[in-house]
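Heads up: the sequence shown at position 97 corresponds to 83 in this note's numbering, and the numbers run straight through without jumps.
Using N, Cα and C, we set each Cβ at its ideal position, and we do this for glycine too.
In what follows, a structure is listed as structure tokens, so that the remarks can point back to it.
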Amino acid sequence: MNLPSWVPSFARNHGDRGLSTIEVVILAPVMIMFILVLVAFGQLVDGRGALDGAARDAARAGSIQKDHVTAMAEAKKAAEADLTDVCSGPVTVTQTSAGFEPDTIFSVEVSCEVRGLAMLGLDIPTTLTATFSSPLDPFRRTV
């Protein structure tokens, strides 16, 4: 590159010197933010999977009980045990099926607030819900 003679010699000899440092200083925060967004959405996906598993376990735990009150208590206990490290608030378990008669379906809906995007400073409440059904066991406990 031919520079005019009035340009100082240090500028003529070192035209692009230090440019990569400036690029790193500008791009590093963007790259770190991108990685944090990926981690936050990963937590949401992990929370969704854990919630689906908790709903399955809650429905199964409730379907083998002898009465409705015990079934709901066991379903809530199973869901809370599965979601101890996933939810940031209380775990809600509600029955979505009607009745508790033999040879019917016991359905539960499990919901809780997941951390997700809170690590980015976005205090957006993210409540996830999962539903699962399990047939009432005809040979369930009678005692």
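Locate the beta strand (DSSP E) running through L114, then write down its first and last residues.
T112 to P121
From L108, E87, V79 and F125, pick the residue whose C-alpha is nearest to that of A116; which is it?
V79
Report, in whole angstroms, the separation of the C-beta atoms of A61 and A84, which I expect to be a contact under 8 Å.
That pair is no contact at about 16 Å.
For the beta strand (DSSP E) that contains Q81, what are its first and last residues?
T78 to Q81
Can you tell which of L108, A59, G28 and I91 has the C-alpha that lies nearest to the C-alpha of V72?
G28
So F92 and A45 are in contact, right, with Cβ under 8 Å, and what is the actual spacing, rounded?
6 Å
C-beta atoms of I121 and S49 nearer than 8 Å
According to the sequence provided, residue 121 is Pro. The question's Ile does not apply to it. Closer than 8 Å, so yes.
Entirely enclosed alpha helix (DSSP H) segments - the stretch 33 to 94, minimum 4 residues:
54 to 68
For G33, which of K63, S119, V94 and D68 has the nearest alpha-carbon?
D68
Are L114 and V23 close, meaning C-beta to C-beta below 8 Å?
no
Drop a sphere of 10 angstroms on the beta-carbon of V94, count the other beta-carbons inside from all chains shown, and report buried for 16 or more, exposed for fewer.
buried
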